[in-house]
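Numbering (my numbering), first residue to last: 835 to 1092.
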């Protein structure tokens, strides 16, 4: 068993830890759909945090469609209400949680503690033309590590965004070079943002095992790698992501319909 990575866990903001605990209770139906959550004061006492931390956690869960708040309090979303409402004319969208994956690594990655960062740096040379970049030109890069219960890394991902993605997606374009690259960014709604921007996206993924000794993790478990390219309706790459995880400690579950 991996030794606890106390530094990794300490780097996770408190509101994300509270959100992860509540998300676990909501998705496993320990809090029944439609039932009222404990008060902010009760939650702050339960998790030993201040009320502002609880408010930030609840706001994140509201954005994910897992809870709703009105003058009576905060409630677990009903099954029919567990996705954001459609934002524009046309047929109602299917529930976000069922039809669109969560960036970068599926539902399990969305429900766990993570370490994440955003930086500006050049992508590997072979990727530059696919991202509509000149060799050596920096772009927005997202690094993401999923932590297990004891702080060990279950899954690592790195994503490079194209010139088109930064131009078309307002929530990404605000991360300008040299500013607004927070230490713990939250891009889990990336594919919903793409939809809001009017992009019709296609996911193409390759799953494999690295050759040789690199294909096994500690304890002899096989490692899997996923190479994902997300493109718009014109065939332009928006995001290229590489994900690496141990087949013993993490499962790759993926659902998507355009």
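In this text, a Cβ means the ideal position worked out from N, Cα and C, and glycines have one as well.
- Residue 976 has 952 and 993 as its beta-bridge partners, per DSSP.
- Straight-line measurement puts the Cα of residue 897 at about 16 angstroms from the Cα of residue 855.
- Boundaries cannot be given for residue 1068, as no beta strand (DSSP E) includes it and DSSP labels it neither H nor E.
- Here residue 910 is buried, its C-beta having at least 16 other C-beta atoms within 10 Å.
- Per the Cβ contact rule, the segment 992 to 1001 is in contact with the segment 1058 to 1076 (3 or more Cβ pairs under 8 angstroms).
- Following the DSSP letters along the chain, one finds residue 1007 in no beta strand (DSSP E) but inside the alpha helix (DSSP H) bounded by residues 1004 to 1007.
- In this structure the segment 1033 to 1048 does not lie against the segment 963 to 982, because fewer than three pairs of beta carbons, one per stretch, are closer than 8 angstroms.
- Nearest neighbour of residue 873 by Cα position, chosen from 858, 861 and 892, turns out to be 892.
- Looking at 1021, 1045, 1068 and 1061, the one whose alpha-carbon comes closest to that of residue 1034 is 1068.
- Residue environment analysis places residue 886 among the exposed positions, since fewer than 16 neighbouring C-beta atoms fall within 10 angstroms of its C-beta.
- Taking the CA atoms as reference points, residue 1001 sits about 6 angstroms from residue 1007.
- Taking all protein chains in view, the Cβ of residue 903 is surrounded by fewer than 16 other Cβ atoms within 10 Å, so the residue is classified as exposed.
- Close CB contacts of residue 889 within its chain, under the 8 angstroms cut and outside five residues either way in sequence, are with 874 (chain order).
- With a contact defined as Cβ atoms closer than 8 angstroms, residue 978 and residue 948 qualify at about 6 angstroms.
- In this structure, residue 848 places its C-beta atom within 7 angstroms of the C-beta atom of residue 883.
- Rounded to the nearest whole angstrom, the C-alpha separation of residue 954 and residue 1019 is 14 angstroms.
- For the pair residue 1025 and residue 937, the CB atoms are nearer than the 7 angstroms cut-off.
- In the three-state scheme derived from DSSP, where H, G and I count as helix and E and B as strand, residue 878 is classed as helix.
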